[in-house]
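Student: Take this structure first; my questions come after.
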Amino acid sequence: MPTLWNKGLQDRWLAFFIFYFYFYFMRIVTLLSDFGNTHYVSEMKAVIYKLCDYASVVDITHKIEKFNVLHGAFILKRSYSYFPKNTVHVAVVDPGVGGERKGIVIKTNNYYFVGPDNGLLSLAAKEDGIRQIVEIENKKYFLENVSATFHGRDIFAPVAAYIARGVDISKFGRSIVEYESIELKASISGDKIIGHVVDVDDFGNLITNIPFSIIEQAGISKVSLKNKELRILKTFCEARAGEMFAYKGSAGTLEIGVNKGSAKEMLDIGIGEKIWLKY
Amino acid sequence: MPTLWNKGLQDRWLAFFIFYFYFYFMRIVTLLSDFGNTHYVSEMKAVIYKLCDYASVVDITHKIEKFNVLHGAFILKRSYSYFPKNTVHVAVVDPGVGGERKGIVIKTNNYYFVGPDNGLLSLAAKEDGIRQIVEIENKKYFLENVSATFHGRDIFAPVAAYIARGVDISKFGRSIVEYESIELKASISGDKIIGHVVDVDDFGNLITNIPFSIIEQAGISKVSLKNKELRILKTFCEARAGEMFAYKGSAGTLEIGVNKGSAKEMLDIGIGEKIWLKY
Amino acid sequence: MPTLWNKGLQDRWLAFFIFYFYFYFMRIVTLLSDFGNTHYVSEMKAVIYKLCDYASVVDITHKIEKFNVLHGAFILKRSYSYFPKNTVHVAVVDPGVGGERKGIVIKTNNYYFVGPDNGLLSLAAKEDGIRQIVEIENKKYFLENVSATFHGRDIFAPVAAYIARGVDISKFGRSIVEYESIELKASISGDKIIGHVVDVDDFGNLITNIPFSIIEQAGISKVSLKNKELRILKTFCEARAGEMFAYKGSAGTLEIGVNKGSAKEMLDIGIGEKIWLKY
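Those sequence lines, one after another, are chains A, B and C. Residue numbering for the first sequence follows the numbering used here, starting at 27 and increasing by one per position. Residue numbering for the second sequence follows the numbering used here, starting at 27 and increasing by one per position. Residue numbering for the third sequence follows the numbering used here, starting at 27 and increasing by one per position.
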């Protein structure tokens with residue numbers, strides 16, 4: 027494979043030019059929603075590409091549980107920071123669309139977040155450090171006809187495209203201070219760790235919001251859940267086939283899985299449910 | 027964020043160059059099919075990228091009901107115009123693949139459409155204004171080995187890539203005038219509005235082909251469907267939880283939904299079915 | 027549509043520049059997994075874009091049957107060669123993640139393959155011709171924190187991004203010769219053709235690993251499977267509605283389908299099962 031520098035001065039100039047190009051123009055816009063993988067998503071993409079053809083649109087997921095703002099907020103929080111600086115994250119889990127809830131843009135230390143003001147953006151934005159929040163009001167940046175049921179396409183997608191084009195977020199409306207925020211922290215009480223299931227993945231693993239550091243600091247090697255005792259293991263292959271166990275998940279929190287099986291089916295626990303772990 | 031012009035002449039030249047670049051080369055190719063999100067889709071993408079690496083391939087949806095040409099035609103019609111001018115739309119819902127049906131390219135006022143001549147492209151193409159229809163015959167533009175069951179990958183994908191590369195569509199075959207067309211219009215008869223369900227979205231909302239303007243012109247505030255009376259509301263949050271109601275959908279047509287529920291499950295109506303609304 | 031050469035010398039220079047640009051920089055990275063279309067996939071994409079923003083990431087499929095390495099290996103084999111030369115294929119079906127199994131990079135005549143050393147890459151790599159296999163060991167090319175359960179994001183994605191950036195694969199670790207390989211060939215025994223179902227598509231068609239050339243050479247026009255006699259036809263429209271039949275699939279192997287129906291449901295056969303065809 028040719029390397030960048032093997033042809034001398036000409037190539038160095040070319041490389042400089044191209045990095046310069048990307049520094050100025052490359053911008054990723056991500057989408058997260060509860061739409062399923064349908065044409066609703068592609069209409070949002072179309073709007074973004076029409077307004078900003080040098081954007082690159084990447085799906086985070088569209089399989090958020092319908093109307094489950096908590097679920098969306100947690101997935102956004104676990105995924106946003108893997109993307110390059112200045113990525114514009116658009117999230118739409120929006121049971122209140124067309125009603126009183128505001129649309130907002132949040133500028134954080136490294137990213138932009140666009141979506142409804144219902145807490146969906148709050149976990150990720152707070153973690154990254156909020157710099158400015160703007161209420162989306164300026165119709166100049168909307169599609170011409172705004173439907174009452176699909177602000178993702180008609181408001182959030184074009185606003186995200188304008189951000190990718192370099193429009194200052196102050197142009198979209200006035201700065202605000204108050205915004206809807208989700209608070210949901212794991213806690214320890216006596217010999218119990220109390221947390222929530224914040225995601226169930228496609229394998230049936232239960233992802234909790236309990237930081238695994240709690241387990242490590244307490245030096246625990248077993249927990250019990252619904253009277254089932256679970257070993258705390260490092261990997262799936264340490265477990266016996268069919269064994270339910272707890273482990274440190276890829277988001278740094280406690281997860282519950284079954285080797286070659288589904289914890290979701292064995293426990294019948296869904297997203298948003300509280301769990302008590304004895305240790 | 028740096029803006030385009032803040033460094034003087036050098037940047038102006040750069041900006042000119044880049045817009046020029048995009049004007050010439052950037053081309054979106056969309057895909058719509060009933061394949062599901064499988065490797066069939068990615069093989070089509072691979073063929074397009076191999077022939078035209080400056081194309082950008084975007085999925086509209088691959089969840090069209092199997093073999094349901096009507097469903098595909100309506101989704102294509104509602105989504106195509108959000109994409110930038112000159113986008114190449116490839117659609118494959120193709121129960122007759124390998125048989126007598128032709129493959130066609132339609133050039134309209136703003137777009138290109140590629141797919142089987144079974145009506146799938148007709149609703150979108152007619153709306154945008156047809157300029158030329160070509161029957162795909164020239165094997166020079168096919169993959170070397172054409173399978174009998176997957177013209178999406180072996181014929182339509184490479185043809186779309188060549189269009190994106192700037193090949194004139196007359197090269198693919200001779201111009202034709204007759205083509206398969208879908209006719210399916212909503213109508214009013216007495217106190218009844220008659221239409222069809224043309225899509226059911228992931229939330230279970232029923233999307234009809236009844237233009238909402240009919241409702242607005244008639245000044246109706248209620249309709250009844252299967253002896254259930256439905257209020258006509260603006261947004262989901264106006265409805266009581268569990269209430270079924272009618273509203274103006276994001277495609278400008280009448281939709282039937284249930285606040286925090288599924289109209290599809292409550293009514294047991296599928297795509298393509300006729301509905302009568304009394305008012 | 028403007029063609030490339032219609033403005034004389036200036037454009038020729040521009041075209042030269044752009045082809046040069048692509049020759050050097052454009053690189054496709056594909057992803058195949060059993061994750062479902064979830065945020066696990068998008069975290070892998072995010073890592074790749076963060077390290078190599080001129081890469082273009084394309085999903086092959088994420089609907090590989092959970093933990094079914096054989097299924098993944100066959101889908102990779104049928105799809106990889108449609109992509110442009112030098113594409114980096116990342117595949118993750120990885121029941122042994124975090125355990126003893128190695129991570130490997132295989133350089134073949136035209137492509138790069140990255141994934142676990144459990145046979146997943148072997149069918150595609152062998153077909154294209156293996157040049158070098160490297161065990162992934164050099165932590166310099168991993169994410170800073172490597173989880174025990176998600177090497178796709180923490181090891182394979184960054185390694186793929188570095189390959190796309192032009193890093194020589196020898197940098198990742200030492201070359202090895204032995205690797206896990208899947209052997210699964212169709213055979214003829216007496217009047218029976220013995221093969222395996224290697225995929226079931228979204229239509230319910232059963233895709234086997236039996237090369238259709240066997241059928242052609244034997245001049246067979248009928249086979250029987252589970253005491254059902256199947257005609258061998260060219261296309262779906264030759265079959266009666268509801269008829270089960272055999273045909274040459276788009277991967278060049280024998281497939282079993284039902285016109286406007288599902289062979290999977292009628293036969294109750296799954297991926298990996300052996301089938302005997304009498305002729």
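Every residue gets a Cβ at the ideal spot worked out from N, C-alpha and C, and that includes glycine.
Taking C-beta to C-beta, are Thr113 (chain C) and Ile54 (chain C) nearer than 8 Å?
Tutor: Here residue 113 (chain C) is taken as the residue at index 87 of the third sequence, counted from 1. Here residue 54 (chain C) is taken as the residue at index 28 of the third sequence, counted from 1. Yes. Within cutoff.
Student: For the beta strand (DSSP E) holding Leu149 (chain B), just list the boundary residues, first then last.
Tutor: Position 123 of the second sequence, counting from 1, holds the residue named residue 149 (chain B). Looking at the DSSP string, Leu149 (chain B) is not in any beta strand (DSSP E); the run it does join, the alpha helix (DSSP H), is 148 to 154.
Student: What residues of chain B sit near Thr261 (chain C), judged by a beta carbon separation below 9 Å?
Tutor: Taking the third sequence and counting its residues from 1, the one referred to as residue 261 (chain C) is at position 235. The contacting residues are Gly122, Val123, Gly124, Gly125, Ala174, Thr175.
Student: Please compile the residues from chain C whose C-beta is within a distance smaller than 7 Å of the C-beta of Glu69 (chain B).
Tutor: If you number the second sequence from 1, residue 69 (chain B) lands on position 43. Those are Ser105, Tyr108, listed as they occur along chain C.
Student: If we require 3 or more residues per run, which beta strand (DSSP E) segments fall completely within the segment 186 to 267 of chain B?
Tutor: 213 to 215, 218 to 226, 232 to 237, 248 to 251, 254 to 258, all fully within the segment 186 to 267 of chain B.
Student: For Gly62 (chain A) and chain B, any beta-carbon pair shorter than 8 Å?
Tutor: Within the first sequence, residue 62 (chain A) is the residue found at index 36, counting from 1. With 8 Å as the cut-off, Gly62 (chain A) counts as an interface residue toward chain B.
Student: Contact between the segment 103 to 111 of chain B and the segment 63 to 81 of chain A is defined here as three or more beta-carbon pairs at a separation below 8 Å; is this criterion met?
Tutor: Yes, the segment 103 to 111 of chain B is in contact with the segment 63 to 81 of chain A.
Student: Tell me which residues share the same chain as Ala186 (chain B) and place their Cβ nearer than 8 Å to its Cβ, disregarding the 5 neighbours each side in the sequence.
Tutor: Within the second sequence, the letter at position 160 stands for residue 186 (chain B). Answer for Ala186 (chain B): Val55, Ile74, Val114, Val116, Tyr138, Val140, listed in chain order.
Student: Taking Cβ positions only, does Tyr305 (chain B) come closer than 8 Å to chain A?
Tutor: Your numbering for residue 305 (chain B) matches position 279 in the second sequence. Not an interface residue.
Student: Which residues in the same chain have their Cβ closer than 6 Å to the Cβ of Asp85 (chain C), if we skip the five residues on either side of it in sequence?
Tutor: Here residue 85 (chain C) refers to the residue found at position 59 when the third sequence is read from its first residue. Leu57.
Student: Between B:Asp228, B:Glu264, B:Tyr273, which lies nearest to Ser239 (chain B) when the distance is taken from Cα to Cα?
Tutor: The count along the second sequence starts at 1 and reaches residue 239 (chain B) at position 213. With distances taken between Cα atoms, Ser239 (chain B) lies closest to B:Tyr273.
Student: Hey, could you find the ends of the alpha helix (DSSP H) Val73 (chain C) is sitting in?
Tutor: Taking the first residue of the third sequence as position 1, residue 73 (chain C) is located at position 47. Per DSSP, Val73 (chain C) belongs to the alpha helix (DSSP H) from 65 to 77.
Student: Got a sec: which bits of the segment 273 to 287 of chain A sit with their beta carbon under 9 Å from any beta carbon on chain C, in order along the chain?
Tutor: Taking 9 Å as the Cβ-Cβ cut-off against chain C, the residues of the segment 273 to 287 of chain A that qualify are Tyr273, Lys274, Gly275, Ser276, Ala277, Gly278, Glu281, Gly283, Asn285, Lys286.
Student: How far does the beta strand (DSSP E) with Glu281 (chain A) in it reach, from first residue to last?
Tutor: Translated into the one-based positions of the first sequence, residue 281 (chain A) becomes position 255. Element bounds for Glu281 (chain A): 279 to 284.
Student: Count Cβ pairs between the segment 140 to 150 of chain C and the segment 89 to 106 of chain C that sit closer than 8 Å; are there 3 or more?
Tutor: Segments in contact, yes.
Student: Given this structure, state the Cα-to-Cα distance separating Ile282 (chain C) from Lys300 (chain A), to the nearest angstrom.
Tutor: Here the question's residue 282 (chain C) lines up with position 256 in the third sequence. Here the question's residue 300 (chain A) lines up with position 274 in the first sequence. Going from the Cα of Ile282 (chain C) to the Cα of Lys300 (chain A) covers about 47 Å.
Student: Excluding the five sequence neighbours on either side, which residues of its own chain have a C-beta within less than 7 Å of the C-beta of Met292 (chain A), listed in chain order?
Tutor: Translated into positions along the first sequence, residue 292 (chain A) becomes position 266. Once the five neighbours on either side are set aside, the close Cβ partners of Met292 (chain A) are Met270, Val284.
Student: Does the beta carbon of Lys252 (chain B) come closer than 8 Å to any beta carbon on chain A?
Tutor: Here residue 252 (chain B) is taken as the residue at index 226 of the second sequence, counted from 1. No, because no Cβ of chain A sits closer than 8 Å to the Cβ of Lys252 (chain B).
Student: Could you tell me the alpha carbon to alpha carbon distance between Ser59 (chain B) and Ile246 (chain A), rounded to whole angstroms?
Tutor: In the second sequence, the residue the question calls residue 59 (chain B) occupies position 33. In the first sequence, the residue the question calls residue 246 (chain A) occupies position 220. Using only the alpha carbons, I get a separation of about 51 Å.
Student: In chain order, what residues of the segment 83 to 99 of chain B put their CB closer than 8 Å to some CB of chain A?
Tutor: Hits within the stretch, in order: Val84, Asp85, Ile86, Thr87, His88, Lys89.
Student: Would Asp228 (chain C) count as contacting chain B if we go by Cβ distances under 8 Å?
Tutor: Here residue 228 (chain C) is taken as the residue at index 202 of the third sequence, counted from 1. Yes, because at least one Cβ of chain B sits closer than 8 Å to the Cβ of Asp228 (chain C).
Student: Can you name the residues of chain B whose CB is closer than 9 Å to the CB of Ile8 (chain C)?
Tutor: Not covered by the structure: residue 8 (chain C). The range shown for chain C is 27 to 305.
Student: Under 8 Å by Cβ, that's how I've got Ile195 (chain C) and Val131 (chain C) pegged, so tell me the actual separation to the nearest angstrom.
Tutor: Start at 1 with the first residue of the third sequence, and residue 195 (chain C) comes out as number 169. Start at 1 with the first residue of the third sequence, and residue 131 (chain C) comes out as number 105. Contact flag correct, Cβ pair sits at about 5 Å.
Student: Would you grab the beta carbon distance between Ile208 (chain A) and Leu149 (chain A) for me? Rounded to a whole angstrom, and I think it's under 8 Å.
Tutor: Along the first sequence, one-based indexing puts residue 208 (chain A) at 182. Along the first sequence, one-based indexing puts residue 149 (chain A) at 123. Confirmed, about 6 Å.
Student: Using a Cβ cut-off of 8 Å, which residues of the segment 176 to 205 of chain C contact any Cβ in chain A, in chain order?
Tutor: Cβ contacts with chain A come from Phe176, Arg179, Asp180, Gly192, Asp194.
Student: Does any residue of chain C have a CB that is nearer than 8 Å to the CB of Ile54 (chain A)?
Tutor: What you label residue 54 (chain A) is simply residue 28 of the first sequence in a count that begins at 1. It does; some Cβ of chain C falls within 8 Å.
Student: What are the boundary residues of the beta strand (DSSP E) that includes Arg53 (chain A)?
Tutor: Within the first sequence, numbered from 1, the residue matching residue 53 (chain A) stands at position 27. Arg53 (chain A) -> beta strand (DSSP E) spans 53 to 59.
Student: Relative to the C-alpha of Val123 (chain C), which residue among C:Val172, C:Val223, C:Gly275 is closest?
Tutor: Sequence index remark: in the third sequence, residue 123 (chain C) carries index 97 (1-based). Checking every option, the nearest Cα to that of Val123 (chain C) belongs to C:Val172.
Student: Name, in chain order, the residues that DSSP records as bridge partners for Pro110 (chain B).
Tutor: The count along the second sequence starts at 1 and reaches residue 110 (chain B) at position 84. The partner list for Pro110 (chain B) (beta bridge, DSSP) is empty, contrary to what the question assumes.
Student: Which residues bound the beta strand (DSSP E) around Gly141 (chain B)?
Tutor: Within the second sequence, the letter at position 115 stands for residue 141 (chain B). Where Gly141 (chain B) is concerned, the enclosing beta strand (DSSP E) stretches over 138 to 142.
Student: For Ala72 (chain A), which residues in chain B fall below 9 Å Cβ to Cβ?
Tutor: Stepping through the first sequence from its first residue, residue 72 (chain A) is reached at position 46. Those are Ile54, Thr56, Val84, Ile86, Ser105, Tyr106, Ser107, Tyr108, Phe109, Pro110, Thr113, listed as they occur along chain B.
Student: List the residues of chain A that Lys76 (chain C) touches, going by C-beta distances under 7 Å, in chain order.
Tutor: Taking the first residue of the third sequence as position 1, residue 76 (chain C) is located at position 50. Within 7 Å Cβ-Cβ: Tyr108, Phe109, Pro110.
Student: Looking at C-alpha atoms only, which residue of B:Glu69, B:Ser105, B:Pro121 is the closest neighbour of Ala267 (chain C)?
Tutor: The residue given as residue 267 (chain C) occupies position 241 in the third sequence. For Ala267 (chain C), the nearest C-alpha among the options comes from B:Pro121.
Student: Using DSSP bridges, identify the partner residues of Asp85 (chain C).
Tutor: Position 59 of the third sequence holds residue 85 (chain C). In DSSP, Asp85 (chain C) forms a bridge with C:Leu57.
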